[in-house]
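Student:
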Amino acid sequence: APAAPPAPLGCDDPESEAAAEFAVNYINGHSHHGYKFALNRVDNIRVVPQGPNNDIILLELDLLETTCHILSPTPLVNCTVRSFTNHAVEGDCDVKLLKVDGKFSVLGSKCHSHADSAEDIVRVCPDCPLLLSLNNTDVLAAVTAALNDYNSQNPDGYLKLLEIGRATMQHLPSNSMSVEFAVAATNCTAAEAKAQVEACQLLPEDQSNFGFCTATRVIMPTEKLQVDCQLYGHQPGVTYSQPGQDTS
Amino acid sequence: PVAKRAVAEAAQHDKVPRPVGFVPPPPPCPGRIRYFEI
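Same order as they appear, the protein sequences are chains Y and C. Be aware that the first sequence starts at 1, since it is given in our numbering, and climbs by one per residue. Be aware that the second sequence starts at 249, since it is given in our numbering, and climbs by one per residue.
Following this line, the structure appears as C-alpha cells:
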C-alpha cells in the first residue's frame with residue numbers, strides 16, 4: 001500500500017517558522033524604502049511537493065513595522081516593533097519559496113502595507129499620535145526645517161533628504177508633530193552647500209553614508225524644534241534643539 | 249416518551265470521554281500572534 005501522505009504543515013511548526021524567517025529576511029533585504037518589518041503571524045502555509053526533497057511552499061505572512069529604517073544596519077532581531085499606540089503599520093505578504101534539500105530560495109513575493117485604523121486607536125487611546133500623510137505640506141515644512149537646523153549646526157558636512165519615513169501629530173500634552181526621515185551624506189560642507197547646493201553629490205552608496213533623523217516640532221503653546229540625527233557610519237548622533245531651548 | 253429516551257441514550261453513547269487534562273491541539277493555521285493583531 002502506498003505510504004500515507006505527510007500531515008499538512010501547521011503554521012507554528014518549526015519548518016513553517018524557518019520558512020517564514022527566511023521570507024521576512026528576503027523581504028527586508030530587497031526593500032529600499034520605509035522600515036524593516038518583523039513577523040507577527042504565519043497566516044497560512046501550503047506545501048506543494050515537486051519531487052524527493054523538493055517542495056514549493058506558499059506562505060501568507062502577517063508582518064508589523066519596526067522602528068528600524070530599512071537602511072539601518074541594526075539586525076532585525078534588535079529592532080523594536082512599533083507599538084499599537086504609536087500607530088502601527090501592518091504588512092501582508094504572499095511568498096512563494098522553493099525548498100530543495102532543506103535549502104530555501106524565493107521564487108516570488110508580493111507585499112502591501114497599511115496603517116492601523118485611526119478610529120480604532122482613538123477609541124482605545126484618544127491622545128495617542130496619529131499618522132499624517134507624507135505629502136502633507138506641514139510635514140514637508142517640518143522635515144525641511146529640521147534638516148536645515150541640523151545642517152546649520154553641523155558645518156563640517158551637509159546631509160540631503162533621502163525620504164520621509166513617517167509623520168505623526170499629537171495634540172496632548174502639547175500640539176506637536178513628529179517626523180522621521182532618512183538622510184544621505186554629501187561631499188559638501190554646509191558652506192559649500194549654501195553657495196551651490198546643486199553641486200553637492202551624494203557620497204558612494206555605502207551604508208555608512210546614510211543616516212536617520214527624528215524631529216519633533218512643538219507648535220503650541222510655544223514653537224520649538226528638536227532634531228536628532230544618527231549617521232550609520234558614526235557613533236550615536238548629536239541631538240540639537242533650537243538656541244535657547246533644552247538640548248539633550 | 250419511549251422514542252425520546254432512546255435518542256437521549258444514543259446521544260450519550262456518542263460522547264467520547266476525554267482524559268483529565270486533555271488539551272485539544274491548536275488549529276494548524278493561522279499561527280500564533282507574536283505581538284498584537286491589527
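Cβ atoms here follow ideal geometry from the backbone N, Cα and C, with glycine treated the same way.
#1: Out of Y/A146, Y/G34, Y/N40 and Y/T186, point me to the one whose CA is closest to Y/H69's CA.
#2: Who are the neighbours of C/P278 on chain B, taking C-beta pairs under 7 angstroms?
#3: What residues in its chain sit with their C-beta under 6 angstroms from that of Y/D101, if we drop five residues either side in the sequence?
#4: For Y/V81, go through chain C and note every residue whose CB falls closer than 9 angstroms to its CB, in chain order.
#5: Is there a Cβ from chain C that is less than 8 angstroms from the Cβ of Y/E90?
#6: May I ask which residues mark the beginning and end of the alpha helix (DSSP H) holding Y/R123?
#7: Following the continuous alpha helix (DSSP H) through Y/S152, name the residue where it begins and the one where it ends.
#8: For Y/L64 versus Y/A38, is the C-beta distance shorter than 8 angstroms?
#9: Looking at the unbroken beta strand (DSSP E) that takes in Y/V24, where does it start and where does it end?
#10: I'd like the span of the beta strand (DSSP E) that includes Y/A185, first residue to last.
#11: Which of the three DSSP states, helix, strand or coil, is assigned to Y/A1?
#12: Between which two residues does the beta strand (DSSP E) holding Y/A115 run?
#13: Measure the C-alpha to C-alpha separation of Y/S105 and Y/L140 and round it to an integer number of angstroms.
#14: Do the CB positions of Y/M169 and Y/L132 come within less than 8 angstroms of each other?
#15: Tell me the DSSP bridge mates of Y/G91?
#16: Can you give the Cα-Cα distance for C/R282 and Y/Q196, rounded to whole angstroms?
#17: Tell me whether Y/L172 sits in a helix, a strand or coil according to DSSP, three-state version.
#18: Tell me whether Y/H30 is buried or exposed, calling it buried when 16 or more other Cβ atoms sit within 10 Å of its Cβ.
Tutor: According to the data block:
#1: For the purposes of this step, residue 69 of chain Y is identified with residue 69 of the first sequence, where counting begins at 1. If we check each option's Cα against that of Y/H69, Y/G34 comes out closest.
#2: Included in the structure are the protein chains Y and C, with no chain B among them.
#3: Along the first sequence, read from residue 1 onward, the residue named residue 101 of chain Y stands at position 101. These residues qualify, in order along the chain: N53.
#4: Against the first sequence, residue 81 of chain Y aligns to sequence position 81. Near Y/V81 (Cβ distances below 9 angstroms), the residues of chain C are R282, Y283 and F284.
#5: By one-based count along the first sequence, residue 90 of chain Y stands at place 90. Judged by the 8 angstroms Cβ criterion, Y/E90 is in contact with chain C.
#6: Indexing the first sequence from 1 puts residue 123 of chain Y at position 123. Counting along the chain, the alpha helix (DSSP H) containing Y/R123 begins and ends at A118 to V124.
#7: Taking the first residue of the first sequence as 1, we reach residue 152 of chain Y at position 152. Unbroken alpha helix (DSSP H) run through Y/S152: T137 to Q153.
#8: As a first step, residue 64 of chain Y is located in the first sequence; it is residue number 64 there, counting from the start. As a first step, residue 38 of chain Y is located in the first sequence; it is residue number 38 there, counting from the start. Cβ distance < 8 angstroms, so Y/L64 and Y/A38 count as in contact.
#9: Stepping through the first sequence from its first residue, residue 24 of chain Y is reached at position 24. First-last for Y/V24: P14 to G29, but that is the alpha helix (DSSP H), not the beta strand (DSSP E).
#10: Position 185 of the first sequence, counting from 1, holds the residue named residue 185 of chain Y. Where Y/A185 is concerned, the enclosing beta strand (DSSP E) stretches over N175 to A185.
#11: To locate residue 1 of chain Y, count along the first sequence from 1; it is residue 1. The answer is coil: DSSP assigns Y/A1 none of H, G, I, E or B.
#12: Taking the first sequence and counting its residues from 1, the one referred to as residue 115 of chain Y is at position 115. Here the beta strand (DSSP E) through Y/A115 covers K103 to A115.
#13: As a working note, residue 105 of chain Y is residue 105 in the first sequence. As a working note, residue 140 of chain Y is residue 140 in the first sequence. Near 40 angstroms, if we compare the C-alpha coordinates of Y/L140 and Y/S105.
#14: As a first step, residue 169 of chain Y is located in the first sequence; it is residue number 169 there, counting from the start. As a first step, residue 132 of chain Y is located in the first sequence; it is residue number 132 there, counting from the start. Yes, the pair counts as a contact, with Cβ atoms nearer than the cut-off.
#15: By 1-based counting over the first sequence, the position of residue 91 of chain Y is 91. In the DSSP output, where bridge partners are listed per residue, Y/G91 has Y/L63 and Y/S113.
#16: Position 34 of the second sequence holds residue 282 of chain C. Position 196 of the first sequence holds residue 196 of chain Y. So the two alpha carbons sit approximately 50 angstroms from each other.
#17: As a working mapping, residue 172 of chain Y is identified with position 172 in the first sequence. Looking at Y/L172 - three-state DSSP - the assignment turns out to be coil, as it is neither helix nor strand.
#18: Your numbering for residue 30 of chain Y matches position 30 in the first sequence. Flag for Y/H30 reads exposed.
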